[in-house]
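At position 519 of the sequence shown (counting the first as 1) the number is 519 in the numbering used here, and the numbers step up by one without a gap.
Built from N, CA and C at the ideal position, the CB exists for glycine as well.
Treat the numbers as computed from the prediction; the structure is a model and nothing was measured.
Presented below is the structure to which this report refers.
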Amino acid sequence: MDTKHIRNFCIIAHIDHGKSTLADRMLEVTGAVDKRDMRAQLLDSMDLERERGITIKASAVTIWHKKDGVRYELNLIDTPGHVDFNYEVQKALQACEGALLLVDASQGVEAQTVANAYLAVEADLTVLPVLNKLDLPHARPEVVQEEIENSIGIDAADAARVSAKSGLGVNELLDRIVDRIPAPKGEPDAPLRCLIFDAVYNEYRGIIVYLRVVDGTIKERDLIHMLGTDTVYEAIEIGRFTPTMKRAGELGPGEVGYFISNIKKLGDVRIGDTMTRHKGPKVAMLPGYRPPMHMVYADFFPTNTGDFESLREALETLSLSDSSFSFEAVTSEALGFGFRCGFLGLLHMEIVQERLEREHDIDMIQTAPTVTYKIVLKDGSEVEIHSPGQLPSPDKYEQILEPSARVTVMTPAEYIGNVMTIANDHRGTYVRQDHLSPTRVQLVYDIPLAELIYDFFDKLKSSTRGYGTLNYEISGYAESELVKLRILVNGKEVDALTSIVHKDQAEKRGRSAIKKMRKEIARHQFEIALQAAIGARIIARETISALRKDVTAKCYGGDITRKRKLLEKQKEGKRRMRQIGNVDIPQKAFLAVLGGDEEEG
């Protein structure tokens with residue numbers, strides 16, 4: 001197809017501003033899906049996406065639109081809105097020439113709206129502002145247009161106005177896409193270059209590669225060379241998503257589709273790689289993607305130790321469809337063999353855990369999330385650590401540096417005081433305050449990332465009644481007074497419960513952890529001491545008393561020394577048992593401690 005009749009664009013927005021609903025209406029208006037097959041969130045194929053009402057994976061689809069008698073091929077990519085899936089948005093932007101910036105006409109500009117708009121501008125895309133939910137009685141399009149201009153700097157005077165729910169203005173928006181978004185540049189006769197922007201694993205067909213053709217034409221039966229992994233495959237099937245997979249036989253420059261070649265090995269496909277013709281002219285690799293920056297780490301241990309290999313296979317399969325998380329094998333004295341996984345954020349971690357449990361039927365224990373710290377050693381060298389257990393003793397290092405995040409919170413003006421209190425409680429440093437409109441304020445703070453992943457978001461949502469929205473980006477590392485908080489059970493350190501905390505919060509968190517453990521660990525034949533310690537100093541203690549048998553029950557009167565003798569004998573036995581006995585820590589105790597820090601009633 002002639003490139004001047006192709007348009008590649010994605011929909012970017014904050015969570016719940018209507019991206020998936022607008023994609024549904026576009027599919028309906030262009031006749032890509034029959035009315036009887038239509039359903040809400042059609043492009044969200046995962047059960048998890050439907051249940052939570054969020055998009056997790058970017059979805060590509062080809063639709064056809066007629067304007068002035070000419071048929072145009074529109075390649076649409078629906079993207080996630082949550083900050084944790086920012087990497088999916090970056091991948092989608094690389095395969096497009098334009099982006100629809102969708103803004104809810106009643107809620108206005110939110111934190112992720114601004115972040116995604118900047119990503120699109122940095123990627124040199126044409127950004128079209130679109131006001132959605134015009135049919136709501138409290139829609140305020142003029143105010144929101146002003147907010148877009150003030151916060152993002154994009155001219156929104158003639159922003160398209162639509163209602164994705166009812167279909168109002170969607171046809172006019174498709175015309176505007178054809179008029180405003182530039183056609184892809186690409187030569188059909190040039191040497192073949194394709195960008196791999198995603199891949200999924202299919203049990204029957206192997207790995208399905210999502211690609212965008214930049215130059216040349218890819219046809220079935222061609223031998224294709226993947227430059228990054230240096231592997232060669234035959235193109236068995238080439239097609240488009242309409243939205244189901246439909247065989248096309250070939251794809252030309254600017255087109256988006258899929259490639260199947262019975263690829264079985266997960267390591268043979270790399271997201272962001274360049275595909276070209278085998279033994280064809282040499283071509284320069286496309287820029288691809290920056291590797292994702294993992295900010296949150298957690299360890300996953302199988303509940304049943306025999307499931308270790310199953311967990312490894314599940315993680316490998318999952319890492320193909322989600323290239324933004326990493327994993328490596330680790331061991332723990334308390335929990336056995338497992339994997340340390342790196343994530344982009346807390347929701348990302350939660351989704352991966354849920355997918356492992358649902359799609360691969362694996363029961364796991366997950367340790368508390370932690371961030372990456374930098375340690376400056378005595379000789380001046382720097383090392384990165386991803387778990388508290390890797391922190392050396394204080395005499396081995398000079399300082400600990402923790403990651404700091406530049407946090408942008410957008411909130412109605414009446415909640416400014418609440419947000420400032422929460423930010424100060426989480427060691428935040430005030431940067432600035434911007435008034436976007438008489439009722440909306442943007443607050444900017446520098447907050448340590450460890451504080452952000454702990455409970456900041458939950459407290460923000462409750463204190464702003466759900467109206468506060470948050471976006472953050474890592475701004476660098478800063479020195480802080482951090483200590484290693486150790487949990488001891490009967491004098492033995494439990495490595496899975498060790499954490500790195502700020503000096504001022506160590507006692508509170510240590511006390512909270514051992515109070516929860518005390519409720520979950522059953523009484524033994526001997527007394528059990530639960531302790532929280534910093535170095536050699538014990539900062540909190542709880543005691544689980546021993547089960548006690550009445551050894552003097554058979555003594556009816558007589559000399560008191562006989563009773564004392566029996567009690568002394570029992571005491572000696574318990575002392576010996578405490579030295580050699582093992583404490584059985586149930587999984588519930590780990591889950592209780594790792595589940596968060598609710599205040600005791």
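- DSSP state of R247 mapped onto helix, strand, coil: strand
- Query: Comparing alpha-carbon positions, which option in D458, E237 and Y204 lies nearest L211?
  - Reply: E237
- Message: In the DSSP output, which residue or residues are listed as bridge partners for P403?
- Response: Y477
- Query: When we look at the beta-carbon of I605 and count the other beta-carbons within 10 Å, is it buried (16 or more) or exposed?
  - Reply: Shown here, the chain extends from 1 to 601; a query on residue 605 therefore has no answer.
- Task: For L485, I'd like the list of residues in its chain whose CB is within less than 6 Å of its CB, leaving aside the five on either flank, ordered along the chain.
- Result: S499, V501, A506 and G510
- Can the beta-carbon of F339 be found closer than 8 Å to that of F300? yes
- Query: According to DSSP, is D44 helix, strand or coil?
  - Reply: With a pLDDT of only 49 at D44, under the threshold of 50, the placement of this residue in the model should not be trusted; the figure read from the coordinates follows. D44: coil per DSSP, three-state reduction.
- Where Y415 and S463 are concerned, what is the direct C-alpha to C-alpha distance, given to the nearest angstrom? 8 Å
- Query: Around the Cβ of I263, are there at least 16 other Cβ atoms within 10 angstroms (buried) or fewer (exposed)?
  - Reply: buried
- For the candidate residues E110, E28, L497 and K4, whose alpha-carbon lies nearest to that of R71? K4
- Item | Nonlocal neighbours in the same chain, by C-beta distance under 8 Å from T126, ignoring five residues either side | E97, G98, A99, R180, I181 and P182
- Item | Endpoints, beta strand (DSSP E) assigned at T242 | Where T242 is concerned, there is no enclosing beta strand (DSSP E), given that its DSSP letter is neither H nor E.
- Quick one: any contact between the segment 382-391 and the segment 116-131, if contact means 3 or more CB pairs under 8 Å? no
- Query: Where Q579 and H360 are concerned, what is the direct C-alpha to C-alpha distance, given to the nearest angstrom?
  - Reply: Any answer about Q579 is weak, because its pLDDT of 46 lies below 50 and its placement is not dependable; what the coordinates show is given next. Approximately 42 Å, taken between the alpha carbons.
- Count the other C-beta atoms from every protein chain shown that fall within 10 angstroms of the C-beta of A540, then say buried if there are 16 or more, exposed otherwise. buried
- Task: Run the CB neighbour count on H138, radius 10 Å, all protein chains shown included, and call it buried at 16 or more, exposed below.
- Result: exposed
- Name, in chain order, the residues that DSSP records as bridge partners for H502. L482
- Just to confirm, are L74 and I177 a CB contact at a threshold of 8 Å? yes
- Below 8 Å between beta carbons: does that hold for A478 and L401? yes
- Message: Please classify I560 as buried or exposed, where buried requires at least 16 neighbouring CB atoms within 10 angstroms.
- Response: exposed
- List in chain order: all unbroken beta strand (DSSP E) runs of 3+ residues lying wholly within the segment 53-139. 59-67, 70-78, 98-104 and 126-132
- Query: Just the Cα atoms here: how many angstroms apart are S151 and I15?
  - Reply: 18 Å
- Message: Out of E398, I6 and L449, which one is the CA nearest neighbour of L344?
- Response: L449
- Cβ neighbours of E542 in the same chain (closer than 6 Å, five flanking residues each side left out): I514, R518 and L530
- Task: Could you spell out the range, first to last residue, of the alpha helix (DSSP H) harbouring F526?
- Result: Counting along the chain, F526 falls outside any alpha helix (DSSP H), and DSSP gives it neither H nor E.
- Message: Could you pull the DSSP bridge partners for C341 from this structure?
- Response: A298 and F327
- Three-state secondary structure (DSSP) at I580? Legend: pLDDT at I580 = 45, less than 50; position of this residue unreliable, value from coordinates given subsequently. The answer is helix: DSSP assigns I580 an H, G or I state.
- Kindly give me the distance between the Cβ atoms of I365 and L320, rounded to whole angstroms, as I take these residues to be in contact under 8 Å. Rounded, the Cβ-Cβ distance is 25 Å, inconsistent with contact.
- Message: Here's a check: name, in chain order, each residue in its chain whose Cβ is nearer than 7 Å to the Cβ of H435, leaving out the five neighbours to either side.
- Response: V441
- Output yes or no for whether 8 Å exceeds the beta carbon distance between L315 and F327. yes
- Item | Neighbour-count burial assignment, V114, 16 or more Cβ in a 10 Å radius | buried
- Query: In three-state terms, what does DSSP make of M410?
  - Reply: strand
- Message: Contact defined as beta carbons within less than 8 Å: I believe R270 pairs with G228. What is the distance between those atoms, to the nearest angstrom?
- Response: 5 Å
- Query: Below 8 Å between beta carbons: does that hold for S155 and E149?
  - Reply: Reading the sequence as shown, one finds Asp at residue 155 and not Ser. Result yes, Cβ atoms of D155 and E149 sit closer than 8 Å.
- Query: Where in the segment 173-239 do unbroken runs of the beta strand (DSSP E), each at least 3 residues long, occur, reported from the N-terminal end onward?
  - Reply: 193-202, 206-215, 223-226 and 231-234
- Task: Give the range of the beta strand (DSSP E) segment to which L437 is assigned.
- Result: A small correction: the amino acid at residue 437 is Ser; Leu does not occupy that position in the sequence shown. S437 -> beta strand (DSSP E) spans T429 to S437.
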